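Chains as they are written, first to last, in my numbering: chain A, 17 to 315; chain B, 4 to 80.
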């Protein structure tokens, strides 16, 4: 059952942003972890294209409620190299709905074998306005006051940023444990900003049941992630920035749609009190093969 | 058989429904190489993958499902 505060955020204006991905994602499959901010070392399978939406719903103190969605197109170029394009937008109650920009990222696994801790290098270019509210990472001194300003003002400030992440991830028994170290730089004039994300998740049941089922336990993954800012090169600190802890749940639909949900709880004054996140993913298998019929996509 | 479902969900897209692969970079899984490998060898390879040759690591699959998959691979030899 949805809590009162979630229902308050989910006003009629926000529903289209949530329902559209559901309509688009009629069929799909994937077996990734249901994190929203934390990355694992699991890359997209070569030749596969995953379309995913990540929607954040929140209301800053003395600000209007908003819903921000990132549409993510993720393609497995190689087993060790995944490339992604994000298209971001948001709708703020009593204000406007705006497209806020795009991001391009690449994730590379430098080690070809599985280890106790598996590093992944993440390189991203962002071209977004300050109106972006998808909160796909928290860096520097990010806080809810940044999200309470009107879209008209925020859109005037456009950012070209580079983001580097070191992803460390382990699959231990049935658990996934991941740690991300984030550094972000506005390419014009700002200092490096830093942040972190950590997550742990595991399926509710390990063994497959051997029958097609909708609600069986192996279709569910539960866990939690924590993320926040670490200041910048002038003040490397965990103070005066946002920190969140977010229990999360993922559900693999029978025909492959992956659904995930989390409620993030703000731990510090600059943090939003709550951030509700909804994710939906659909994976198109062997898209590369559509163009290279004889080989079935690149390896 | 539970392993058949795991195979269909995670392996079939590359190795095909008949486990014969594409005869090119996605090898057949009904092969002498699989028959002669021990269960432990196959489990190790599933967990490791071979990223350089396009085989993803399946360490993210629950341990029990990897073993169910191995049981299925044995059954189709």
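Even glycine gets a Cβ: it sits at the ideal position worked out from N, Cα and C.
In this text the structure is predicted, and so the values were computed from the model without any measurement.
Can you pull the chain B neighbours of residue i, defined as C-beta to C-beta under 7 Å?
i: residue 62/A; result: 57
i: residue 58/A; result: 63
Go ahead and pull the three-state DSSP assignment for residue i.
i: residue 292/A; result: strand
i: residue 237/A; result: strand
i: residue 6/A; result: The requested residue 6/A does not occur in the structure, where chain A is confined to residues 17 to 315.
i: residue 268/A; result: strand
i: residue 254/A; result: coil
i: residue 214/A; result: strand
i: residue 37/B; result: helix
i: residue 277/A; result: strand
i: residue 32/B; result: coil
i: residue 158/A; result: coil
i: residue 48/B; result: helix
i: residue 221/A; result: coil
i: residue 164/A; result: coil
i: residue 307/A; result: helix
i: residue 247/A; result: strand
i: residue 73/B; result: helix
i: residue 6/B; result: helix
i: residue 57/A; result: coil
i: residue 48/A; result: coil
Under 8 Å Cβ-Cβ, which residues of chain A neighbour residue i?
i: residue 62/B; result: 130 and 187
i: residue 68/B; result: 222, 223, 224 and 234
Could you tell me the distance, in whole angstroms, from the CA atom of residue i to the CA atom of residue j?
i: residue 27/B; j: residue 62/A; result: 15 Å
i: residue 133/A; j: residue 54/A; result: 15 Å
i: residue 222/A; j: residue 236/A; result: 10 Å
i: residue 93/A; j: residue 123/A; result: 10 Å
i: residue 273/A; j: residue 230/A; result: 11 Å
i: residue 162/A; j: residue 155/A; result: 12 Å
i: residue 70/A; j: residue 290/A; result: 16 Å
i: residue 286/A; j: residue 158/A; result: 8 Å
i: residue 66/A; j: residue 255/A; result: 37 Å
i: residue 260/A; j: residue 297/A; result: 23 Å
i: residue 198/A; j: residue 9/B; result: 35 Å
i: residue 238/A; j: residue 56/A; result: 15 Å
i: residue 40/A; j: residue 165/A; result: With a pLDDT of 35 at residue 40/A, under the threshold of 50, the modelled position of that residue is not reliable, and the figure given next carries that caveat. Answer to the nearest angstrom: the Cα atoms are 31 Å apart.
i: residue 95/A; j: residue 13/B; result: 14 Å
i: residue 116/A; j: residue 174/A; result: 9 Å
i: residue 268/A; j: residue 108/A; result: 30 Å
i: residue 120/A; j: residue 59/A; result: 16 Å
i: residue 288/A; j: residue 22/B; result: 50 Å
i: residue 143/A; j: residue 118/A; result: 5 Å
i: residue 241/A; j: residue 249/A; result: 25 Å
i: residue 146/A; j: residue 234/A; result: 40 Å
i: residue 52/B; j: residue 58/B; result: 5 Å
i: residue 194/A; j: residue 214/A; result: 6 Å
i: residue 283/A; j: residue 72/A; result: 17 Å
i: residue 232/A; j: residue 266/A; result: 13 Å
For residue i, return the contacting residues in chain A, with the cut-off set at a CB-CB distance below 9 Å.
i: residue 50/B; result: 130 and 187
i: residue 65/B; result: 189, 190, 218, 219, 221, 222, 223, 224 and 234
i: residue 8/B; result: 224, 225, 226, 227 and 228
i: residue 5/B; result: 223, 224, 225, 226 and 227
According to DSSP, residue i sits in a beta bridge with which residue or residues?
i: residue 177/A; result: 142/A and 202/A
i: residue 132/A; result: Residue 132/A pairs with nothing; no bridge assigned.
i: residue 191/A; result: 188/A
i: residue 115/A; result: 105/A
i: residue 182/A; result: 137/A and 197/A
i: residue 94/A; result: 97/A
i: residue 123/A; result: 98/A and 138/A
i: residue 53/B; result: 58/B
i: residue 71/A; result: 85/A and 294/A
i: residue 228/A; result: According to DSSP, residue 228/A bridges with nothing at all.
i: residue 66/A; result: 90/A and 299/A
i: residue 20/B; result: DSSP, once it has assigned bridges, lists no residue as partnering residue 20/B.
i: residue 153/A; result: Answer is none; residue 153/A lacks a bridge partner.
Please list the partners that residue i has in chain B, where partner means a Cβ-to-Cβ separation under 9 Å.
i: residue 195/A; result: Chain B residues near residue 195/A: none, gap ~16 Å exceeds 9 Å.
i: residue 95/A; result: 52, 53, 54, 55, 56, 57, 58, 59 and 60
Just the chain B side, please: which residues come within less than 8 Å of residue i by C-beta, in chain order?
i: residue 301/A; result: 16
i: residue 306/A; result: By Cβ distance, chain B contributes nothing, its closest Cβ being about 13 Å from residue 306/A, past 8 Å.
i: residue 125/A; result: 54
Is residue i near the ligand ZN, with its Cβ less than 8 Å from a heavy atom?
i: residue 19/B; result: The ligand ZN is not part of the structure shown, which contains no ligands of any sort.
Could you work out which residues of chain A lie near residue i, taking near to mean beta carbons separated by less than 7 Å?
i: residue 71/B; result: 223 and 224
> Is there contact between the segment 128 to 145 of chain A and the segment 214 to 224 of chain A, where contact requires at least three CB pairs shorter than 8 Å?
Replying inline: no
> Okay, do the segment 89 to 109 of chain A and the segment 25 to 42 of chain B touch, 3+ Cβ pairs below 8 Å being the bar?
Replying inline: Too few Cβ pairs lie closer than 8 Å, so no.
>> Would the segment 74 to 86 of chain A count as touching the segment 170 to 185 of chain A if we require 3 or more Cβ pairs under 8 Å?
In response: no
> Using 8 Å as the Cβ pair cut-off and three pairs as the minimum, do the segment 63 to 73 of chain B and the segment 189 to 201 of chain A touch?
Replying inline: yes
> For the 8 Å Cβ check, are there 3 or more pairs between the segment 175 to 184 of chain A and the segment 134 to 144 of chain A?
Replying inline: yes
> Per the contact definition of three or more C-beta pairs closer than 8 Å, is the segment 290 to 301 of chain A in contact with the segment 39 to 46 of chain B?
Replying inline: no
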